[in-house]
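First comes the structure, then the notes that go with it.
Number of protein chains: 2
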Amino acid sequence: MVRDLFLNKKKASADYETLRRVFTAPEGRSSTLSHIEKEISKNIQRFLSQHIVSGDADPEELERNFKNTSIPEEPIFVSEQADFLLSKVVSQSVHTSSPSFIGHMTSALPYFMLSLGKIMTGLNQNLVKIETSKAFTPLERQVIAMLHHLIYHFSADYYQKTAQDRYNSLGVFCSGGTVANITSLWVARNRLLGPDGDFRGVSNDGVYRALRHYNLEGLAVLVSKLGHYSLSKSCDILGVGKRHLVAVDTDHEGRVNVDSLEKEIHLLREAKIGIVGVVGIAGTTETGHVDPLADMAKVCRRQGCYFHIDASWGGPTLFSEKHKSLLNGIDQADSVSIDAHKQLYVPMGAGLALFRDHQNLSLIEQHAQYVIRSGSRDLGKRSLEGSRPGMAMMVHSALHVLGRKGYELLIDHGIGLAKTLAGMILESDDFELTTEPTLNILTYRYIPPGFKDALSDAGEEQLRNLNQRLNQITVAIQKTQRANGKTFVSRTQLELPQYGDQRIDVFRTVLANPLTDESILKMVLDEQRQIAAELHD
Amino acid sequence: MVRDLFLNKKKASADYETLRRVFTAPEGRSSTLSHIEKEISKNIQRFLSQHIVSGDADPEELERNFKNTSIPEEPIFVSEQADFLLSKVVSQSVHTSSPSFIGHMTSALPYFMLSLGKIMTGLNQNLVKIETSKAFTPLERQVIAMLHHLIYHFSADYYQKTAQDRYNSLGVFCSGGTVANITSLWVARNRLLGPDGDFRGVSNDGVYRALRHYNLEGLAVLVSKLGHYSLSKSCDILGVGKRHLVAVDTDHEGRVNVDSLEKEIHLLREAKIGIVGVVGIAGTTETGHVDPLADMAKVCRRQGCYFHIDASWGGPTLFSEKHKSLLNGIDQADSVSIDAHKQLYVPMGAGLALFRDHQNLSLIEQHAQYVIRSGSRDLGKRSLEGSRPGMAMMVHSALHVLGRKGYELLIDHGIGLAKTLAGMILESDDFELTTEPTLNILTYRYIPPGFKDALSDAGEEQLRNLNQRLNQITVAIQKTQRANGKTFVSRTQLELPQYGDQRIDVFRTVLANPLTDESILKMVLDEQRQIAAELHD
Numbered sequence: 017m018v019r020d021l022f023l024n025k026k027k028a029s030a031d032y033e034t035l036r037r038v039f040t041a042p043e044g045r046s047s048t049l050s051h052i053e054k055e056i057s058k059n060i061q062r063f064l065s066q067h068i069v070s071g072d073a074d075p076e077e078l079e080r081n082f083k084n085t086s087i088p089e090e091p092i093f094v095s096e097q098a099d100f101l102l103s104k105v106v107s108q109s110v111h112t113s114s115p116s117f118i119g120h121m122t123s124a125l126p127y128f129m130l131s132l133g134k135i136m137t138g139l140n141q142n143l144v145k146i147e148t149s150k151a152f153t154p155l156e157r158q159v160i161a162m163l164h165h166l167i168y169h170f171s172a173d174y175y176q177k178t179a180q181d182r183y184n185s186l187g188v189f190c191s192g193g194t195v196a197n198i199t200s201l202w203v204a205r206n207r208l209l210g211p212d213g214d215f216r217g218v219s220n221d222g223v224y225r226a227l228r229h230y231n232l233e234g235l236a237v238l239v240s241k242l243g244h245y246s247l248s249k250s251c252d253i254l255g256v257g258k259r260h261l262v263a264v265d266t267d268h269e270g271r272v273n274v275d276s277l278e279k280e281i282h283l284l285r286e287a288k289i290g291i292v293g294v295v296g297i298a299g300t301t302e303t304g305h306v307d308p309l310a311d312m313a314k315v316c317r318r319q320g321c322y323f324h325i326d327a328s329w330g331g332p333t334l335f336s337e338k339h340k341s342l343l344n345g346i347d348q349a350d351s352v353s354i355d356a357h358k359q360l361y362v363p364m365g366a367g368l369a370l371f372r373d374h375q376n377l378s379l380i381e382q383h384a385q386y387v388i389r390s391g392s393r394d395l396g397k398r399s400l401e402g403s404r405p406g407m408a409m410m411v412h413s414a415l416h417v418l419g420r421k422g423y424e425l426l427i428d429h430g431i432g433l434a435k436t437l438a439g440m441i442l443e444s445d446d447f448e449l450t451t452e453p454t455l456n457i458l459t460y461r462y463i464p465p466g467f468k469d470a471l472s473d474a475g476e477e478q479l480r481n482l483n484q485r486l487n488q489i490t491v492a493i494q495k496t497q498r499a500n501g502k503t504f505v506s507r508t509q510l511e512l513p514q515y516g517d518q519r520i521d522v523f524r525t526v527l528a529n530p531l532t533d534e535s536i537l538k539m540v541l542d543e544q545r546q547i548a549a550e551l552h553d
Numbered sequence: 017m018v019r020d021l022f023l024n025k026k027k028a029s030a031d032y033e034t035l036r037r038v039f040t041a042p043e044g045r046s047s048t049l050s051h052i053e054k055e056i057s058k059n060i061q062r063f064l065s066q067h068i069v070s071g072d073a074d075p076e077e078l079e080r081n082f083k084n085t086s087i088p089e090e091p092i093f094v095s096e097q098a099d100f101l102l103s104k105v106v107s108q109s110v111h112t113s114s115p116s117f118i119g120h121m122t123s124a125l126p127y128f129m130l131s132l133g134k135i136m137t138g139l140n141q142n143l144v145k146i147e148t149s150k151a152f153t154p155l156e157r158q159v160i161a162m163l164h165h166l167i168y169h170f171s172a173d174y175y176q177k178t179a180q181d182r183y184n185s186l187g188v189f190c191s192g193g194t195v196a197n198i199t200s201l202w203v204a205r206n207r208l209l210g211p212d213g214d215f216r217g218v219s220n221d222g223v224y225r226a227l228r229h230y231n232l233e234g235l236a237v238l239v240s241k242l243g244h245y246s247l248s249k250s251c252d253i254l255g256v257g258k259r260h261l262v263a264v265d266t267d268h269e270g271r272v273n274v275d276s277l278e279k280e281i282h283l284l285r286e287a288k289i290g291i292v293g294v295v296g297i298a299g300t301t302e303t304g305h306v307d308p309l310a311d312m313a314k315v316c317r318r319q320g321c322y323f324h325i326d327a328s329w330g331g332p333t334l335f336s337e338k339h340k341s342l343l344n345g346i347d348q349a350d351s352v353s354i355d356a357h358k359q360l361y362v363p364m365g366a367g368l369a370l371f372r373d374h375q376n377l378s379l380i381e382q383h384a385q386y387v388i389r390s391g392s393r394d395l396g397k398r399s400l401e402g403s404r405p406g407m408a409m410m411v412h413s414a415l416h417v418l419g420r421k422g423y424e425l426l427i428d429h430g431i432g433l434a435k436t437l438a439g440m441i442l443e444s445d446d447f448e449l450t451t452e453p454t455l456n457i458l459t460y461r462y463i464p465p466g467f468k469d470a471l472s473d474a475g476e477e478q479l480r481n482l483n484q485r486l487n488q489i490t491v492a493i494q495k496t497q498r499a500n501g502k503t504f505v506s507r508t509q510l511e512l513p514q515y516g517d518q519r520i521d522v523f524r525t526v527l528a529n530p531l532t533d534e535s536i537l538k539m540v541l542d543e544q545r546q547i548a549a550e551l552h553d
């Protein structure tokens, strides 16, 4: 009772001294927050060994914890907020590091990233300008050059000259693959519709005048139907229009048909449509397939088209001696997107766009009087984003602590697992492999006993009905599995050559966690079988 | 010798067991990285008490540490990388938390942010979809609703219904003010040029067809000449064209002249130019001035124009009972940008765009088969960015631990300091106040003895020459002060009414660190006087 009174008295207050303490006094070792820090560290170890991908609260239940929308008038203690975070947020987050969480592109991180996360927050640098980033600016340029080197392997002399030269840009660091893709197509659009006589370029004069000046009736971007949705988003933002993202025909493996590509380019040009760019995919988000990059590069060179490669997922395949040939031709691209928070194993919020020509990023250059002045070292001159954190430190550290050979192990492990899983599925009676493994992404579906024969014997209409039923089963299994919280795969809808234009729901696995192994794959399949059996009951 | 041999043998290796350790074993308490974590914590305390804003290495010297552009073949130990980070990166970063670093918008953070930085990294959630973020999704929606509430103060009932409703969006969380501004103008453009009969809207059909359909000759965005450079960038990206960012006349205090604004709208419409939006500024980046928001809102309503307010800097002024009336009319805006990594005191990489109409963000909605399906709770449906980290946890915590009253103290402290500094400058013989303080940003310049009288007596040409000389002095002082590393102010160029169209270089201070006080302001002025005296020698 006395204690309660005491606690009631000791309320957080909004005076200058309290505020000063909030800004100057580190949390004590025995504080709730330090306790959570340690707990998280332990928890991650637990997630890594046990198989729990998330708690059991459903979304409606969770939403109830976040209903209050008034900003509190009075401050509360850090410990109070920490208690809230622990019970309502941390404990109800998704264990993206769990080896049985194999449904999305967010995976385990090297442990030292946790310390770097704290260090980065503490330093709070801003990469938009050198006055708020200092050593972080050349550090970021180095990281960009290292990845440029991985893709384009220009001479040591070239990098010696350009990597730290403020007048050149080998690439731009950003928050992720979407921004990298938008930036690349922005560069491509501004290059296609550059200044010419009185016309000051699309950048200054806008899309309408640009098309009138160049006597065009529209713009287009070409990519296979497996292109990431950020490309459609890019077309919206950049004024191209989402309808003008042209889906190029693919072969049975979802890879761009280069003859169709070239034909499409001709048709568009006959219709007076300007080609902003052709996009090749190195690792489609849904199936992990890789377009025939070298052949696409040839078409683009012949046709004088800008060639961008979305290697947000698959770029790091270049680390593997065994598999890097899958990306042959990537060094012919005008630009390449890579996500560092995917297969470079750094925390969320890091992507890059790399450019073959170190002058191309000047096509999107901006200036202001108080920063990013012409001739300055400020990286904010040539980026879609403004203020940005020092995430490059994470990438620099991962590249050094893992090394090329460490990444090679990770890549080989993942692709190996995808092949193992494909084998398990092919050998089973009750699963169907829906796409072949190229990289470490695989799709498949469950086929209940009896359905397999029915599928192979069915006529067109019957097939459609069977697939409709199977789609329902796939969706139901995935939802139940997700709710159970032990293992997790995602799902998507694909057009598969054997089933015509009917969209087929499939499970989608992404095998990038180094701790995922064959026993976990078996566990995932077993759980799906069991859920299916229960659905049937 | 034996020890050396041992160390040489004990090299990091790229085998599976090493890799497993990197992913599963936390750094020990006595590891180099844990040591740096502790050091950073101590260092920040040191930066907060001493007056050092950065080390003394010059940019060329720093660049030499980041010349190697090959990705290392072999892994190195975390401890080796940590040594590198400590000596070459951490020690050569900018001490943005130092109270004498008053030149940019990056300031000290509450200490608990360091722990949260580690926790966020450890959880590695991805807000693009609920399957990789779970509780973080309703948490982010709550934070958005809290800031929406701060700006628009709709009823409790309204927020009860909309805040967690997956079909509505009160705003979007993003990496910063630039993305918030682009997103807002993207919404504005898509609203102006929406679907109509056969025309499927600018989003689908692109800018060229949109303008033809609506019989327009171009597009425009209107803002005062003090608008942030991200608005010009937005015009480039969105296909409007940078030349079509129309600079509206301002009064002597740099505030939009509303009569000119309305006249400009008429002129543009007569020339068949579609008005994408009018932008009001709540705290210009260079001078901290606030546009007459309520009057601008009236013009926009009368003219049927989309009204966006860039409150990236000044938004949190709403926390102050004393100063919030400066932002009167903000609740009439269609959208408002706020940077959380500025005056909400969270780490770099957090901004928001809030929307008055919870349906407006559907104008930029995107879908995919494997995520952000129609009707899903996935926040990635309506955002420029794709994958995003759980920064909302930082904002949620700051809003609770500081409370409305804590922020009020911070805001009042900063504006108070700006007025104090203005007073010190007005009382001095050797400084000139170049803009009046509105918020906590102030510009001024140094005037050497004798120049003041010369300035007031000078004819037009003489004045021009004097200012040219003063511009050189301002730039020289700022550069020397920056290189000295004890105190830091930034600089910019302004047009000042008393000097016609000549651009005047000025010092720019941003007073947002709660630990900055009058004695530091005195120190800054004294150092500038001393540098000036030495320049003169």
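Just so you know, the protein sequences line up as chains F and B, in that order. Here our numbering runs 16 ahead of the position in the first sequence, where the first position is 1. Here our numbering runs 16 ahead of the position in the second sequence, where the first position is 1. Where is the CB? At the ideal position from N, CA and C, for every residue including glycine.
If you check each beta-carbon in the segment 368–383 of chain B against every beta-carbon of chain F, the ones closer than 9 Å belong to 380, 382 and 383.
Taken through DSSP and simplified to helix, strand or coil, residue 190 (chain F) comes out as strand.
If only complete runs of 4 or more residues are kept, the segment 278–354 of chain B shows the alpha helix (DSSP H) at 309–319, in order along the chain. Burial state of residue 173 (chain F) is exposed, judged by a 10 Å Cβ sphere holding fewer than 16 other Cβ atoms. Where residue 362 (chain B) is concerned, there is no enclosing alpha helix (DSSP H), because DSSP gives it neither an H nor an E. When secondary structure is reduced to three states using DSSP, residue 450 (chain B) falls in the coil class, being assigned neither helix nor strand. Remark: three or more beta-carbon pairs, one from each stretch, lie closer than 8 Å, so the segment 189–203 of chain F and the segment 363–374 of chain F are flagged as touching. With a threshold of 8 Å between beta carbons, residue 434 (chain F) makes no contact with chain B. Given a length threshold of 4 residues, each whole run of the alpha helix (DSSP H) inside the segment 94–154 of chain B is given here in chain order: 94–100 and 128–139.
For residue 526 (chain B), the three-state secondary structure derived from DSSP is strand. Taking 7 Å as the cut-off between beta carbons, none of the residues of the segment 276–294 of chain F comes near chain B. Out of F:470, F:515, F:475 and F:463, the CA that lies nearest to the CA of residue 492 (chain F) is found in F:463. Across the structure, residue 245 (chain F) and residue 313 (chain F) are spaced so that their CA atoms are roughly 22 Å apart. From the listed residues F:134, F:199, F:545 and F:109, the smallest Cα separation to residue 139 (chain B) is found for F:109. If only complete runs of 3 or more residues are kept, the segment 220–277 of chain F shows the beta strand (DSSP E) at 234–240 and 261–264, in order along the chain.
Along the segment 185–205 of chain F, going in chain order, the ones with a CB nearer than 8 Å to a CB of chain B are 191, 192, 193, 194, 195, 198 and 202. Under the DSSP assignment, residue 510 (chain F) falls in the beta strand (DSSP E) whose first and last residues are 506–511. Per DSSP, the unbroken beta strand (DSSP E) holding residue 461 (chain B) starts and ends at 457–462. Within chain F, no C-beta atom comes nearer than 7 Å to that of residue 511 (chain B); the closest sits roughly 10 Å away. For residue 526 (chain F), no CB of chain B lies under 8 Å from its own CB, so it is not counted at the interface with that chain. For residue 535 (chain B), the enclosing alpha helix (DSSP H) has its first and last residue at 534–552. Looking at the DSSP output, residue 368 (chain F) shares a beta bridge with F:189 and F:354.
Cβ-Cβ distances below 7 Å link residue 156 (chain F) to 143, 189, 395 and 408 in the same chain, with the five nearest sequence neighbours on each side left out; the list follows chain order. Cβ-Cβ distances below 6 Å link residue 506 (chain B) to 119, 120 and 524 in the same chain, with the five nearest sequence neighbours on each side left out; the list follows chain order. Between residue 299 (chain F) and residue 330 (chain F) a beta carbon distance of about 3 Å is seen, short of the 8 Å cut, so the two are scored as contacting.
Per the Cβ contact rule, the segment 145–154 of chain B is in contact with the segment 74–90 of chain F (3 or more Cβ pairs under 8 Å).
At a cut-off of 8 Å between beta-carbon atoms, residue 425 (chain F) makes contact with chain B. By the criterion of a C-beta distance shorter than 7 Å, residue 179 (chain F) is surrounded in its chain by 157, 158, 161 and 186, once the five residues flanking it on both sides are discounted. The beta carbon of residue 68 (chain B) sits closer than 7 Å to those of 111, 114, 501 and 502, all from its chain and outside the five residues before and after it, given in chain order. For residue 118 (chain F), no Cβ of chain B is located within less than 8 Å of the residue's own Cβ. Excluding five sequence positions before and after residue 511 (chain F), the CB atoms of its chain that fall closer than 8 Å to its own CB belong to 241, 517, 518, 519 and 520, given in chain order. The beta carbon of residue 449 (chain B) sits closer than 7 Å to those of 438, 441, 442 and 460, all from its chain and outside the five residues before and after it, given in chain order.
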